[in-house]
Amino acid sequence: ISETMSTNEENKLPLNGRRAIPQNYSNEEENEVPEMEAFGLIPRGFNPRDYLRVVDINMFKDPHEINKQEHHTDKYYNPKLIVRRGQAFQIQIDFNRPYKPETDQFWLEFLMGRYPQQNKGTYIPIPVGNVLKPGQWGAKIIHRENNSIRLSIMSSTTCIIGKFRFYVAVLTPFGILRTRRNTATDTYILFNPWCQLDAVYLDDEKEREEYVLNDVGVVFHGNVEDVKSRSWSYGQFEENVLDACLFLMDKAELELSGRGNPIKICRVASAVINSKDDEGVIAGSWNNAYDYGVAPSAWTGSVDILLEYYSSKQPVRYGQCWVFAGVFNTFLRCLGIPARLITNYSSAHDNNANLRLDFFLDDEGKVDTRLTKDSVWNYHCWNEAWMTRPDLPVGFGGWQVVDGTPQETSDGMYRCGPASVQAIKHGHVCFQFDAPFVYAEVNGDIFYTRMEKNGTQVVENIDTTRVGQLIVTKEVGGDGMMDITEEYKFREGSDEERLALETAVMYGVKKQSIQDTTYQPQTDVDMNFQAQKAVLGNDFKVTITFRNKSRNSYTATTYLSGNIVFYTGVTKREFKKHSFNAKLQPSSSSSFDIVIQSSEYMSDLLEQASFHFFVTARINETGKILAVQKAVVLEIPNLRIKTKGELVAGKETSVVVEFTNPLKQTLENVTLRLEGPGLLRTIKKQFGRIQMNSTLTWEVRFTPMRPGLRRLIASLNSDALRHVYGELNVQIQKP
Numbered sequence: 001i002s003e004t005m006s007t008n009e010e011n012k013l014p015l016n017g018r019r020a021i022p023q024n025y026s027n028e029e030e031n032e033v034p035e036m037e038a039f040g041l042i043p044r045g046f047n048p049r050d051y052l053r054v055v056d057i058n059m060f061k062d063p064h065e066i067n068k069q070e071h072h073t074d075k076y077y078n079p080k081l082i083v084r085r086g087q088a089f090q091i092q093i094d095f096n097r098p099y100k101p102e103t104d105q106f107w108l109e110f111l112m113g114r115y116p117q118q119n120k121g122t123y124i125p126i127p128v129g130n131v132l133k134p135g136q137w138g139a140k141i142i143h144r145e146n147n148s149i150r151l152s153i154m155s156s157t158t159c160i161i162g163k164f165r166f167y168v169a170v171l172t173p174f175g176i177l178r179t180r181r182n183t184a185t186d187t188y189i190l191f192n193p194w195c196q197l198d199a200v201y202l203d204d205e206k207e208r209e210e211y212v213l214n215d216v217g218v219v220f221h222g223n224v225e226d227v228k229s230r231s232w233s234y235g236q237f238e239e240n241v242l243d244a245c246l247f248l249m250d251k252a253e254l255e256l257s258g259r260g261n262p263i264k265i266c267r268v269a270s271a272v273i274n275s276k277d278d279e280g281v282i283a284g285s286w287n288n289a290y291d292y293g294v295a296p297s298a299w300t301g302s303v304d305i306l307l308e309y310y311s312s313k314q315p316v317r318y319g320q321c322w323v324f325a326g327v328f329n330t331f332l333r334c335l336g337i338p339a340r341l342i343t344n345y346s347s348a349h350d351n352n353a354n355l356r357l358d359f360f361l362d363d364e365g366k367v368d369t370r371l372t373k374d375s376v377w378n379y380h381c382w383n384e385a386w387m388t389r390p391d392l393p394v395g396f397g398g399w400q401v402v403d404g405t406p407q408e409t410s411d412g413m414y415r416c417g418p419a420s421v422q423a424i425k426h427g428h429v430c431f432q433f434d435a436p437f438v439y440a441e442v443n444g445d446i447f448y449t450r451m452e453k454n455g456t457q458v459v460e461n462i463d464t465t466r467v468g469q470l471i472v473t474k475e476v477g478g479d480g481m482m483d484i485t486e487e488y489k490f491r492e493g494s495d496e497e498r499l500a501l502e503t504a505v506m507y508g509v510k511k512q513s514i515q516d517t518t519y520q521p522q523t524d525v526d527m528n529f530q531a532q533k534a535v536l537g538n539d540f541k542v543t544i545t546f547r548n549k550s551r552n553s554y555t556a557t558t559y560l561s562g563n564i565v566f567y568t569g570v571t572k573r574e575f576k577k578h579s580f581n582a583k584l585q586p587s588s589s590s591s592f593d594i595v596i597q598s599s600e601y602m603s604d605l606l607e608q609a610s611f612h613f614f615v616t617a618r619i620n621e622t623g624k625i626l627a628v629q630k631a632v633v634l635e636i637p638n639l640r641i642k643t644k645g646e647l648v649a650g651k652e653t654s655v656v657v658e659f660t661n662p663l664k665q666t667l668e669n670v671t672l673r674l675e676g677p678g679l680l681r682t683i684k685k686q687f688g689r690i691q692m693n694s695t696l697t698w699e700v701r702f703t704p705m706r707p708g709l710r711r712l713i714a715s716l717n718s719d720a721l722r723h724v725y726g727e728l729n730v731q732i733q734k735p
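Counting from 1, one number per residue, gives the positions in the sequence shown under full-length UniProt numbering.
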């Protein structure tokens, strides 16, 4: 019989002195599995047809059938069986004759990869027994009728995540008869937040619906005084997205045997989400030039990015922090790891993690951009993933920070996390991975330091409250903002905060104490800076207010510097310089207004319309310096989305996107994008230009796929104006 031949190729493995079998990190590759595995010589009269033979297998894999319903996988746009580990699922096997338990013997086999091995969890033989033990592989017959049997199969709670091949094997006296390779029976096994024994178990149903099953989310951006939000389509259930996410683990070369561990998966994914050092998914670009790619602000969701990467195998251009975090969130939710996208306002990017961000001032008290290397991002987005941490002491499980944006290397690669949020809050930054870096992002102090001619540094001012002053995520079950700052830090100035800091320093976070530096601030004068809410393209005013609490008269030489900045706090250009002398009467307040004209900033404005103002004032009588800095983000007008007629699943309808150009100039190279998970795949349209004050209208015809509450998300991109968004929640009726 020819089938015995196919086993021989397995023996011709490439020789390697270090390992018995080659590395096994492709979920895609397969090995040949013999349909007849003979025990020895086969007698001439042997006919496999005399024995129990499998005629058909039903995996109950349709979205409305029992498996996908009970396993919360009915939303995946994928025809194959998708189940979650540690929970029973059912299949039916039709034989050529009734099954006789006394004499017939068969078992099931799940295989993954090119070199399946039982001790690696990539070859799983499952005997049919009488009982199912929770959280362990097993199968039992729950129904017998004519030639058919129905089985309940339990998978292990530590099972590898990915796509398995499925076989039924029947024992005969002369060898094992197997079903033929059939891709229709391929089975995806995912993490199970509904199962108490799973490492990602989450006990609140509302949270599971949000952090695992919600396929749209909200990204908070802007800055701490002016929080802005926009929608993002995660689309973890869309066609081919699950395969694309599994491909990411192949790309990251994560051994198949490690893929049951959410800690390992998060760590390798945080490296492969960015293209630095491993040709990962997204190439970052922060320089406002996006040639040969899509501007980060134009993306409306993760699906286009993941599918483009899956087909081209080349990094997709371009992303910034919310794009990395949006795609990472899709990856985690798709595999079944509860995840949420976090925004940290005034996020410290401290080049040497010493909890001190140095802003150097020159003799006049202006910030010296040449010497200043640290920066405060208006906001920075990362993710939290929910899991137990058996590798850490008790109490550090739960939410873990993972960050796919390439900022600093960790163990030689651009990656970050998972770092326990609990450990960061309490200062226990000794626990892996990358906790000191995240601790500095939310806890740094800003030092304003003046360089004397002889090279000594004089600390003029210290701001201990600005960095990480607001940390937020989308609320569960709604689009509002949930403040989670308290998860990361104790109240500013409390005893617990002091203790957490001392703990972090003890564990090696470098912190220069204020005692090391000569620092005597001016305490009897306060300086405050306010900016009027401003719309892009309009003039606005800023106000500097002094409060002199002393009985002395002072004069303050005041210097305002307005800079156009990237949202990362890095300056592109100083566009406004203004200095004046302020007379400060005893025990009174005085305010000074400065008008910022649109003509001063429009030519160089960057896509997030962010400004950064530094105000420094020298009190002439004492020589002391007051300093304050503030980010200002302009209001960018929205796109309007309207539907026409009623929306019914399977019936064509249309939607209209409108935008009125608010600028005193023509917009060139305008591109619109529209998408909605479960509604329509991304549609792009290019418009040449929009004249000032004129309105663009774009009608899109489409057929909604599924009933329920859905969201449409649109973006507009052009040379002079980016970060323009619109969204609309729509209710799709059942046909």
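Quick reminder that beta carbons are idealized off the backbone N, C-alpha and C, glycines included.
Check: Ends of the beta strand (DSSP E) at residue 177?
Finding: Reading the sequence shown from its first residue, position 177 is the one you call residue 177. Where residue 177 is concerned, the enclosing beta strand (DSSP E) stretches over 175-178.
Next item on the list: Check residue 226 in the structure and name its three-state DSSP category.
Entry: Here residue 226 corresponds to residue number 226 of the sequence shown, with the count starting at 1. In the three-state scheme derived from DSSP, where H, G and I count as helix and E and B as strand, residue 226 is classed as strand.
Margin query: On a Cα-Cα basis, can you pick out the residue from 481, 361 and 252 that is closest to residue 453?
Written below: For the purposes of this step, residue 453 is taken as residue 453 along the sequence shown, with counting starting at 1. Nearest C-alpha to residue 453: 361.
Next item on the list: Check each candidate in 608, 189, 644 and 625 and name the one with the smallest Cα separation from residue 632.
Entry: As a first step, residue 632 is located in the sequence shown; it is residue number 632 there, counting from the start. Checked all of 608, 189, 644 and 625; the closest Cα to residue 632 is 608.
Notebook entry, point to check: Which runs of the beta strand (DSSP E) spanning at least 3 residues fall entirely within the segment 582-639, listed in chain order?
Noted result: Runs of the beta strand (DSSP E) inside the segment 582-639: 588-596, 610-619 and 625-633.
Item checked: Three-state secondary structure assigned by DSSP to residue 319 -> Taking the first residue of the sequence shown as position 1, residue 319 is located at position 319. The answer is strand: DSSP assigns residue 319 an E or B state.
Notebook entry, point to check: When the Cα of residue 713 is compared with those of 393, 233, 315 and 564, which residue comes out closest?
Noted result: As a first step, residue 713 is located in the sequence shown; it is residue number 713 there, counting from the start. Closest in alpha carbon position to residue 713, among 393, 233, 315 and 564, is 233.
Checklist line | Cβ-based neighbour list, residue 524, same chain, cut-off 6 Å, excluding 5 preceding and 5 following | finding: Taking the first residue of the sequence shown as 1, we reach residue 524 at position 524. Counting only Cβ-Cβ distances below 6 Å, and skipping sequence neighbours, we find 549 and 550.
Next item on the list: Give a yes or no on whether the C-beta atoms belonging to residue 715 and residue 725 are separated by under 7 Å.
Entry: Counting from 1 along the sequence shown, the entry for residue 715 is found at position 715. Counting from 1 along the sequence shown, the entry for residue 725 is found at position 725. A distance below 7 Å separates the beta carbons of residue 715 and residue 725.
Check: How about the segment 608-621 and the segment 556-570: do they share at least three Cβ pairs that are nearer than 8 Å?
Finding: Touching, yes.
Item checked: Spatial distance of residue 318 from residue 663 (CA atoms) -> Along the sequence shown, one-based indexing puts residue 318 at 318. Along the sequence shown, one-based indexing puts residue 663 at 663. Rounded to whole angstroms, the gap between the alpha carbons of residue 318 and residue 663 is 26 Å.
Next item on the list: Confirm, please, whether the CB-CB distance from residue 600 to residue 535 is below 7 Å.
Entry: To locate residue 535, count along the sequence shown from 1; it is residue 535. To locate residue 600, count along the sequence shown from 1; it is residue 600. Taking 7 Å as the Cβ cut-off, residue 535 and residue 600 do not qualify as a contacting pair.
Item checked: Through-space distance from residue 497 to residue 491, alpha-carbon basis -> Here the question's residue 491 lines up with position 491 in the sequence shown. Here the question's residue 497 lines up with position 497 in the sequence shown. Their backbone Cα atoms lie some 7 Å apart in a straight line.
Notebook entry, point to check: Can you tell me where the beta strand (DSSP E) with residue 342 in it begins and where it stops?
Noted result: In the sequence shown, the residue the question calls residue 342 occupies position 342. Here the beta strand (DSSP E) through residue 342 covers 339-349.
Next item on the list: Enumerate in chain order the residues of its own chain whose CB-to-CB distance from residue 288 is below 8 Å, with the five nearest sequence positions on each side excluded.
Entry: Translated into the one-based positions of the sequence shown, residue 288 becomes position 288. Its chain contains 566, 572, 606 and 607 as the residues whose beta carbon lies nearer than 8 Å to that of residue 288, once the 5 sequence neighbours on both sides are disregarded; these appear in chain order.
Notebook entry, point to check: Would you call residue 24 buried or exposed, if buried means 16 or more other Cβ atoms sit within 10 Å of its Cβ?
Noted result: For this step, residue 24 is matched to residue 24 along the sequence shown. Buried, by the Cβ-count rule.
Item checked: Reference residue 486, options 471, 476, 480 and 475, closest by Cα -> Counting from 1 along the sequence shown, the entry for residue 486 is found at position 486. Comparing Cα-Cα distances from residue 486 to each of 471, 476, 480 and 475, the minimum goes to 471.
Margin query: Just verifying my parser: in three-state terms, what is the DSSP assignment at residue 70?
Written below: The residue given as residue 70 occupies position 70 in the sequence shown. Here residue 70 sits in helix by DSSP.
Next item on the list: Would you mind stating whether residue 338 and residue 507 have Cβ atoms separated by less than 7 Å?
Entry: Residue mapping note: residue 338 aligns to position 338 of the sequence shown, counting from 1. Residue mapping note: residue 507 aligns to position 507 of the sequence shown, counting from 1. Their beta carbons are not under 7 Å apart, which means residue 338 does not touch residue 507 by this criterion.
Check: Quick one: what does DSSP say residue 731 is sitting in, helix, strand or coil?
Finding: Walking along the sequence shown from the start, residue 731 turns up at place 731. Here residue 731 sits in strand by DSSP.
Item checked: Bridge-paired residues (DSSP) for residue 150 -> Mapped onto the sequence shown, residue 150 falls at position 150. Answer is 92 and 143.
Next item on the list: Locate the alpha helix (DSSP H) running through residue 208, then write down its first and last residues.
Entry: Counting from one through the sequence shown, the residue named residue 208 turns up at place 208. Its alpha helix (DSSP H) spans residues 205-208.
Next item on the list: Please classify residue 376: is it buried, with 16 or more other beta-carbons within 10 angstroms of its beta-carbon, or exposed?
Entry: Position 376 of the sequence shown, counting from 1, holds the residue named residue 376. It is buried - the Cβ of residue 376 has at least 16 other Cβ atoms within 10 Å.
Check: Excluding the five sequence neighbours on either side, which residues of its own chain have a C-beta within less than 8 Å of the C-beta of residue 483, listed in chain order?
Finding: Taking the first residue of the sequence shown as 1, we reach residue 483 at position 483. Within the same chain, residue 483 has close Cβ partners 470, 471 and 472.
Margin query: Since residue 341 and residue 325 should fall inside the 8 Å C-beta cutoff, what is the C-beta to C-beta distance between them, to a whole number of angstroms?
Written below: Translated into positions along the sequence shown, residue 341 becomes position 341. Translated into positions along the sequence shown, residue 325 becomes position 325. Between residue 325 and residue 341 the Cβ distance is about 5 Å, and since that is below 8 Å, they are a contact.
Notebook entry, point to check: What is the DSSP secondary structure of residue 118, reduced to helix, strand or coil?
Noted result: Taking the sequence shown and counting its residues from 1, one reaches residue 118 at position 118. Annotated three-state conformation of residue 118 is helix, per DSSP.
Item checked: Cβ-Cβ separation, residue 241 to residue 303 (assumed contact under 8 Å), whole Å -> Start at 1 with the first residue of the sequence shown, and residue 303 comes out as number 303. Start at 1 with the first residue of the sequence shown, and residue 241 comes out as number 241. Rounded, the Cβ-Cβ distance is 6 Å, consistent with contact.
Item checked: Residue nearest to residue 673 in terms of C-alpha spacing, selected from 90, 666 and 655 -> Stepping through the sequence shown from its first residue, residue 673 is reached at position 673. When each option's Cα is compared against that of residue 673, the closest is 655.
Notebook entry, point to check: Based on Cα-Cα distance, which residue from 690, 720 and 677 lies nearest to residue 702?
Noted result: Within the sequence shown, residue 702 is the residue found at index 702, counting from 1. In this structure, 677 is the residue among 690, 720 and 677 with its C-alpha nearest to the C-alpha of residue 702.
Note to self: Spatial neighbours of residue 68 within its chain, please: C-beta separation below 6 Å, excluding the five flanking residues on both sides.
What the structure shows: Counting from 1 along the sequence shown, the entry for residue 68 is found at position 68. Closer than 6 Å at Cβ, skipping near neighbours: 74.
Check: Where does residue 390 land, buried or exposed, given buried means 16+ other C-beta within 10 angstroms?
Finding: Translated into positions along the sequence shown, residue 390 becomes position 390. Residue 390 comes out exposed.
Next item on the list: Could you tell me the boundaries of the alpha helix (DSSP H) in which residue 428 lies?
Entry: Numbered from its first residue, the sequence shown carries residue 428 at position 428. Per DSSP, residue 428 belongs to no alpha helix (DSSP H) and is neither H nor E.
Notebook entry, point to check: Does the separation of the CB atoms of residue 359 and residue 372 fall below 7 Å?
Noted result: Along the sequence shown, one-based indexing puts residue 359 at 359. Along the sequence shown, one-based indexing puts residue 372 at 372. In contact: residue 359 and residue 372 (Cβ atoms closer than 7 Å).
Next item on the list: If I'm right that residue 269 touches residue 331 with Cβ under 8 Å, what's the distance once you round it to whole angstroms?
Entry: Mapped onto the sequence shown, residue 269 falls at position 269. Mapped onto the sequence shown, residue 331 falls at position 331. Approximately 6 Å separates the beta-carbon atoms of residue 269 and residue 331; this is inside 8 Å, confirming the contact.
Note to self: Rounding to the nearest angstrom, what Cα-Cα distance links residue 459 and residue 349 in this structure?
What the structure shows: Indexing the sequence shown from 1 puts residue 459 at position 459. Indexing the sequence shown from 1 puts residue 349 at position 349. Taken atom to atom, the span from the alpha-carbon of residue 459 to that of residue 349 is near 20 Å.
Note to self: Can you find the residues in the same chain that come closer than 7 Å, C-beta to C-beta, to residue 157, ignoring five residues on each side of it along the sequence?
What the structure shows: By 1-based counting over the sequence shown, the position of residue 157 is 157. Correct list, in chain order: 85, 86, 135, 195, 197 and 198.
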